[in-house]
Amino acid sequence: EAKAAGRNALRFFDPQMQAQMSERVALEKDMRTGLQAGHFELYYQPKMVRGRITGAEALVRWRHPVKGFIPPSEFIPLAEQCGLILRLGQWVLRAACERLALWNAHPVLGQLSVAVNVSPREFHEASFVPQVLEALAGTGADARRLRLELTEGLLLQDVEDTIAKMVQLRGYGVGFALDDFGTGYSSLAYLKRLPLHELKIDQSFVRDVLTDPNDAVIARTIVALGTSLGLQVVAEGVETEAQRSFLERSGCHAWQGYLLSRPLPVPAFEDLVLEHAPDEAPEKV
Ligand code: C2E
Ligand code: MG
Ligand code: MG
Ligand code: MG
Numbered sequence: 001e002a003k004a005a006g007r008n009a010l011r012f013f014d015p016q017m018q019a020q021m022s023e024r025v026a027l028e029k030d031m032r033t034g035l036q037a038g039h040f041e042l043y044y045q046p047k048m049v050r051g052r053i054t055g056a057e058a059l060v061r062w063r064h065p066v067k068g069f070i071p072p073s074e075f076i077p078l079a080e081q082c083g084l085i086l087r088l089g090q091w092v093l094r095a096a097c098e099r100l101a102l103w104n105a106h107p108v109l110g111q112l113s114v115a116v117n118v119s120p121r122e123f124h125e126a127s128f129v130p131q132v133l134e135a136l137a138g139t140g141a142d143a144r145r146l147r148l149e150l151t152e153g154l155l156l157q158d159v160e161d162t163i164a165k166m167v168q169l170r171g172y173g174v175g176f177a178l179d180d181f182g183t184g185y186s187s188l189a190y191l192k193r194l195p196l197h198e199l200k201i202d203q204s205f206v207r208d209v210l211t212d213p214n215d216a217v218i219a220r221t222i223v224a225l226g227t228s229l230g231l232q233v234v235a236e237g238v239e240t241e242a243q244r245s246f247l248e249r250s251g252c253h254a255w256q257g258y259l260l261s262r263p264l265p266v267p268a269f270e271d272l273v274l275e276h277a278p279d280e281a282p283e284k285v
């Protein structure tokens, strides 16, 4: 019997699982050092509204000195589990606000809004609101140009606390987008209570919008819902002109996606925005 139990215990610590665990521990450690060593960087993806770039979404990138580029889908969940998301999130917020402040005086770049993704764990920290205010004050960024992207799951936890935090930040001018919309379980009554500016149609509906009638219906329904609530509806993951024009015909005039650009490092992003800027109005004679 003891032997059988021992075997079970051994099976729990099988080599593969052990390897996975030490891999995670190593990544956590590298994330911690990487945050201090400057291995993280923000890329920016443009948001297009009626043919103009009006904003950017900041997306974090990790350049691991040995393993190379590690995508957010791999390290964000890990950072959420081990709590490092709090430090990473603060770094992201700070870096995005610094960028806003640097762009502020520029005639074209100074018009852009910058969106930052916020994890549930970060948002539900008691210190979240003061940290946002501190990032704004510490950098001199204009709160009205900062937009926070929240997910439906986040909004469902502790509804009253969530609304209170949003209302408080809204009072300073900070805007809110509901990211990945359609994949969660928001109730419509609840949606109406939130001080949102923007609904982002999840890219899973955009991908097959031309070939899957269900996705087309979902996309159109989100557009109608958002528009009737007075929100800007933004399609995520637009890769083809056909998708873009379908969405446009469905009343969705704002989008992000590879069709215009992948997320870019700052210099390339700035070049793209300046290329797309409308020419200055000719002087009247
Ligand atoms: P998200 O906020 O929904 O961001 C959109 C993702 O779709 C980004 O992936 C972006 O690069 C990708 N994308 C944009 N356009 C297209 C397209 O046309 N086609 C396709 N196939 N993909 C497109 P990324 O940068 O890998 O980020 C993945 C997720 O990781 C984000 O989803 C967000 O949830 C999370 N994330 C990224 N940066 C941060 C951050 O700074 N903080 C937090 N908490 N989460 C972040
Ligand atoms: Mg997002
Ligand atoms: Mg999204
Ligand atoms: Mg997502």
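1 is the number of the first residue of the sequence shown in this note's numbering; add one for each residue after it.
Cβ coordinates follow ideal geometry from the N, Cα and C atoms, glycine included.
- A straight line joining the alpha-carbon of S113 with that of D161 spans about 26 Å.
- Under the DSSP definition of a beta bridge, R147 partners with A115, G175.
- Taking C-beta separations shorter than 7 Å and ignoring five residues to either side along the sequence, the partners of R244 in its chain run V238, W255, L259, following chain order.
- Judged by the Cβ position, Q256 qualifies as a neighbour of ligand 1 at the 7 Å threshold, a heavy atom of the ligand being closer than this.
- DSSP places V223 in no beta strand (DSSP E) but in the uninterrupted alpha helix (DSSP H) bounded by 213-228.
- For P71, the shortest separation between its Cβ and any heavy atom of ligand 1 lies below 7 Å.
- Between the segment 263-272 and the segment 208-221, the count of Cβ pairs shorter than 8 Å is below three; the stretches do not touch.
- The beta carbon of E57 sits closer than 6 Å to those of Q45, A115, all from its chain and outside the five residues before and after it, given in chain order.
- Ligand 2 approaches E149 closely enough that one of its heavy atoms is under 7 Å from the residue's Cβ.
- Rounded to whole angstroms, the separation of the alpha carbons of V132 and F205 is 32 Å.
- Cα atoms of P71 and Q18: separation of roughly 23 Å, rounded to the nearest angstrom.
- In the structure shown, Q232 adopts extended strand secondary structure according to DSSP, grouped into three states.
- Its Cα nearest to that of A135, the residue V92 stands out among L154, V92, A242.
- Listed by position along the chain, the residues with Cβ atoms less than 7 Å from a non-hydrogen atom of ligand 3 are D179, D180, K200, D202, Q203, E236.
- Between A101 and G140, the CB-CB gap stays under 8 Å.
- In summary, G153 is exposed, with fewer than 16 beta-carbon neighbours lying within 10 Å of its beta-carbon over all protein chains present.
- When beta bridges are read from the DSSP output, P46 appears opposite A56.
- In this structure, L210 keeps its C-beta atom at 8 Å or more from the C-beta atom of F181.
- With respect to the 8 Å criterion, F176 and L191 are not classified as neighbours on the basis of their beta carbons.
- For L199, the uninterrupted beta strand (DSSP E) segment begins and ends at 198-201.
- Distance from the C-beta of G89 to the nearest heavy atom of ligand 1 is below 7 Å.
- T33 is classed as exposed because its beta carbon has fewer than 16 other beta carbons within 10 Å across all chains shown.
- Here I76 is not near S127, since their CB atoms are 8 Å or more apart.
- In terms of Cβ geometry, L199 and V233 form a close pair [threshold 8 Å].
- Relative to the non-hydrogen atoms of ligand 1, the Cβ of P263 comes within a distance shorter than 7 Å of at least one.
- The alpha carbon of L148 has as its nearest neighbour, out of L156, C97, G251, the alpha carbon of C97.
- Counting along the chain, no beta strand (DSSP E) covers G110, and no H or E run does either.
- A Cβ-Cβ contact shorter than 8 Å links L169 with V129.
- With the rule of 3 Cβ pairs closer than 8 Å, the segment 76-85 counts as touching the segment 21-30.
- Taken from the Cβ of E57, at least one heavy atom of ligand 2 lies inside 7 Å.
- The C-beta of M21 has fewer than 16 other C-beta atoms within 10 Å across all chains shown, which makes the residue exposed.
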